[in-house]
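Working notes, structure below.
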Amino acid sequence: MADTNIAKWYVVHTYSGHENKVKANIEKIVENRGMEDVILQVAVPTETVVEIKAGKRKDKSKKIFPGYALVKMFMTDESWYVVRNTRGVTGFVGPGSKPIPLTDEEVENMGLEKRSIHVDFAIGDTISVISGPFENFIGTVEEIHMERQSVKAMISMFGRETPVELEFDQVKKNF
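Numbering-wise, the UniProt record's numbering puts 148 at position 148 of the sequence shown, and it's gapless, one number per residue.
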């Protein structure tokens, strides 16, 4: 059907409001049929929105793409059939019956997968902040969080050491 040697992200159109049910249904079918090595991941991208009603702050999860779910899979006749015939799915996004995978750039912009970044600093190293609100500050690495791709550093601000959390691409090691 398509390139079957690389798993790609595909967009699946769902009934409005059924995105999470579709996600659960696909995951259950994958588990029941033992297709974990073909259909790798199902996502319904959401963002947290702050609503203030009657003076009370409330965080709500809002779907970024209502009516759509994203599936990372190897495109085979079987995987296409399973996803396409899942209850709540109306079809793949693409011309006719040919699903078109998302480009690497689209996947990265949606935050579905972060590129792994190699860090050249360790705990105790001195770093410079190269972007963001703390740009041009110098700090000392306290913690490194690979899963969040962030670093906690102590930065001297107003004569005090202040802990800040920065993303890997916001800092560079001082030599």
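Note that the Cβ used here is the ideal one computed from N, Cα and C, for glycine as well.
- Checking the DSSP bridge columns, you'll see LYS23 has no partner listed.
- Under the three-state reduction of DSSP, LYS172 is assigned to strand.
- In the assembly as shown, ILE6 is an exposed residue. Its beta-carbon has fewer than 16 other beta-carbons within 10 Å.
- CA-CA distance, VAL38 to LYS28, rounds to 14 Å.
- The beta-bridge partner set that DSSP reports for LEU70 consists of VAL11 and ALA43.
- Shown here, ASP59 sits in a strand according to DSSP, grouped into three states.
- Contact check for GLU47 against LYS62 passes: the beta carbons are separated by less than 7 Å.
- When GLU165, PRO66, VAL22 and ILE64 are compared, the shortest CA-CA separation from GLN41 is found for VAL22.
- According to DSSP, residue pairing for LYS53 in a beta bridge involves LYS56.
- Its Cα nearest to that of THR103, the residue LEU70 stands out among THR126, LYS53 and LEU70.
- Less than 7 Å separates the beta-carbon of TYR10 from that of PHE92.
- ASN25 sits buried, since 16 or more C-beta atoms from the chains shown fall within 10 Å of its C-beta.
- Contact holds between the segment 152 to 163 and the segment 122 to 142, because three or more Cβ pairs, one in each stretch, are under 8 Å apart.
- Measuring C-alpha to C-alpha distances from LYS58 to each of PRO66, VAL49, ILE64 and PHE65 identifies VAL49 as the nearest.
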